[in-house]
Amino acid sequence: MMRKSITVAKTDFKNALDLRFVKLGLIMSIAFGPVMIILMFGSLMAIVPPAEFGIVVAVLGPIVPSILGIFSIIPTTMIAANALVGEREMNTLEPLLCTPLTDRELLWGKTMAGAIPSLIILVSSTIVSVVGVAVLTIVMGFPMLIILDLPGVFLLSTAVPIMIFAIIAVMIIVSGRVTRVYEAYQMTTAVIIVFIIPMILPMIGLETGNIEELVWFSNFITLLISAVLFIVGWAVALRLFNRDKLVSMV
Amino acid sequence: MDEITTTGLTKNFGDLVAVDHMDLNIPSGTIFGLLGPNGAGKSTTTRLLSTLLRPTEGTATVSEFDIIKEPVRVREVTGVLPEESNHTLYPSLTAYENLEYFARLYDVPEEEIPSRIEELLTFMVLWDRKDDRAGELSTGNRQRLALCRAILHRPKVLLLDEPTSALDPIAAKRVRELILELSKKYKQTFLINSHNLPEVQRVCDRIAIIDEGKILLQGKTQELRSKLLAKQQFRIRIVGDVDKAGSIAKSMNFVEDIKLEVDSVLVTVEDPTENNSSLMQNLLSQGIKIVEFAEEEATLEDLYLEVVKGGVQ
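Chains as they are written, first to last, in this note's numbering: chain A, -16 to 233; chain Y, 5 to 317.
Printed below as a string of structure tokens:
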């Protein structure tokens, strides 16, 4: 089963890369996260006195995993939109559905096409950001700073991957209802807004001084929303995925 | 053995009945032509048989596999050339990559993929274009590539929807030759949807005429044509006044029907053996110059028009 799904995934990824907006989106996703984070901490180190730098890190630290999460999820929305709705827009869906692929093989292929690049970007941009900031702090004469703490690792290793797969489920649901890639892309991009929660919510604790508790709380809330979206999304997607309906819309 | 059988096959789209209780039997190794006007239900029938659509009622078997219960098996033994197939290729993949992708999805043994692709692309005169992106190929070349994709896994049954619609005459002839060759070599069964009646006449052993989702007529192509041959229409090609020749012919009491064309008069007489010589003598005696007097062969087009108009049952 996996062999055919991998074949589908590779071809979907190759086809997606042919589109300029996907190519630029991927470059943006790979580069923007680490660049933003490194520049943010670099500029702060240049203007904030070393004595106050700890406070800045406490405030800005929780933003890091959110930024990395958002930029990692964007490729999934673009590739999955092209792999599911784009096939119909290009008229390639019908011959694909005529092959002996089972629904499961087809969905696995589409899921891998959307999820694997995002997961790779998530891991690589996290490593580049952590290493980049650590090196920068040493170069600028600060004690070495590891920008990712335990709550951050928790968010990146749970909520982000779950949301990546949840978005693919949402895309499968949407693919039976829209005919254009950009419509599907716009609809699913809205889901990313969930990752603004761990960016904003801890700020409330600035005055009360309980930022750490609020970071954990907001990360759990984000995980919970992602998990609900994942479970409900896939339950609905698997029930609604219907060749007849997809072909009838062609 | 029947390779394709449909029993009361019906497909509704809301209130629209696209295929209406269709009973069809296509023997193994047959090249079967499905004829009908636009919206008659030809493409829906193909989509039902290729398991893309689920019937509202009835069922069908392809190579003895039920389209509802064993759709994956049906798809394994079926090759499909969809409607407007020249638009169904991945434009960013090369001709070779398009075929390679589908070869893997159809479980063609990995070691056979390069040789099969080369064989097919060579046959379709596309080997030199193998590294070109499908989106950069001409319409005709894309259509031929789509046909390669349909036959790549050597399916038992080929469902071809307007296989030569976008091809120039030479490429269309090549496709017809390919269909006949595949049928002869691999005993494949073909279901061809077409508007191109001369093509169907040249290629198909059996035909069915379909309209509003219903089969109006089906049978062997030769037998159906002979129904019309019994009417014995004759073409009298003349030099000069066609209207005058028509009036003379019309005045003779044994002439049953008459049609005028640019340079010919088409007549149907009661008894050709007795009446033709009288008709010819009469025309010549009144100064009509006859270039040709020949039996007009009934075409599938005549049959088609008769059936769709409701003349033949």
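Virtual Cβ for every residue (Gly too), placed ideally from N, Cα, C. Only a predicted model underlies this, so the values are computations on that prediction, with no experimental measurement involved.
For the pair residue 276(Y) and residue 133(Y), the Cα-to-Cα distance works out to about 56 Å.
Rounded to the nearest whole angstrom, the C-alpha separation of residue 145(A) and residue 156(A) is 17 Å. Counting along the chain, residue 268(Y) sits inside the beta strand (DSSP E) bounded by residues 268 to 273. If you check the CB distance, residue 184(Y) and residue 227(A) do not come in under 9 Å. Against chain A, a Cβ distance below 7 Å from residue 80(Y) picks out 83. Neighbours of residue 227(A) in chain Y, taken as residues at a C-beta separation under 7 Å, are given in chain order as 57, 58.
Within the same chain, and ignoring the five residues on either side of residue 4(A) in sequence, the residues whose Cβ sits closer than 8 Å to its Cβ are 61.
In this structure residue 197(Y) is buried. Its beta-carbon is surrounded by 16 or more other beta-carbon atoms within 10 angstroms. For a Cβ distance threshold of 7 Å, residue set 56, 86, 92 of chain Y lies close to residue 77(A), ordered along the chain. Between residue 16(A) and the set -13(A), 53(A), 181(A), 100(A), the nearest pair of CA atoms involves 53(A). For the pair residue 47(A) and residue 33(A), the Cα-to-Cα distance works out to about 20 Å.
At a cut-off of 9 Å between C-beta atoms, residue 111(Y) counts as an interface residue with respect to chain A.
Residue environment: residue 28(A) is assigned as buried (16 or more neighbouring CB atoms within 10 Å of its CB, all protein chains considered). Proximity of chain A to residue 95(Y) at the Cβ level (cut-off 9 Å) is accounted for by -2, 1, 73, 75, in chain order. Restricting attention to beta strand (DSSP E) runs no shorter than 3 residues, the stretch 24 to 94 of chain A encloses none.
Ranked by how close their Cα comes to the Cα of residue 34(Y), the residues 166(Y), 208(Y), 163(Y) have 208(Y) in first place.
Distances from the CA of residue 57(A) to each of 199(A), 215(A), 6(A) were compared; the closest alpha carbon is that of 6(A). C-alpha of residue 66(A) to C-alpha of residue 152(A): approximately 13 Å in a straight line. By the CB criterion at 9 Å, residue 37(Y) and residue 210(Y) fall inside the cutoff.
Residue burial is scored here from C-beta neighbours: residue 10(A) has fewer than 16 other C-beta atoms within 10 angstroms and is therefore classed as exposed. When C-alpha distances from residue 202(Y) are compared across 239(Y), 307(Y), 278(Y), 6(Y), the shortest belongs to 307(Y). Following the DSSP letters along the chain, one finds residue 31(Y) inside the beta strand (DSSP E) bounded by residues 20 to 31. When DSSP assignments are scanned along the stretch 107 to 145 of chain A, the uninterrupted stretches of alpha helix (DSSP H) that are 4 or more residues long and fall wholly within it turn out to be 133 to 140. Using a Cβ-Cβ cut-off of 9 Å, residue 76(Y) is close to 83, 84, 85 of chain A, given in chain order.
Under the three-state reduction of DSSP output, residue 296(Y) falls in the strand class. Put simply, the CB of residue 198(Y) is far from chain A, with every gap to its CB atoms at 9 Å or more. Going by C-alpha positions, residue 73(Y) is about 36 Å away from residue 227(Y). Residue burial annotation: residue 298(Y) is exposed, with fewer than 16 other C-beta atoms found within 10 angstroms of its C-beta. Between the stretch 172 to 183 of chain Y and the stretch 148 to 155 of chain Y there are three or more C-beta pairs closer than 8 Å, enough to call the two in contact. Residue pairing by DSSP places residue 163(Y) opposite 84(Y), 195(Y) in a beta bridge. The bridge partners DSSP lists for residue 63(Y) are 11(Y). In this structure residue 80(Y) is in contact with residue 83(A), their Cβ atoms being roughly 4 Å apart against a cut-off of 8 Å. Burial state of residue 90(Y) is buried, judged by a 10 Å Cβ sphere holding 16 or more other Cβ atoms. The C-alpha of residue 42(A) is placed about 25 Å away from the C-alpha of residue 104(A). Straight across, the Cα-Cα distance linking residue 93(A) with residue 64(A) is about 10 Å. With its beta carbon at least 9 Å from every one in chain A, residue 158(Y) lies outside the interface.
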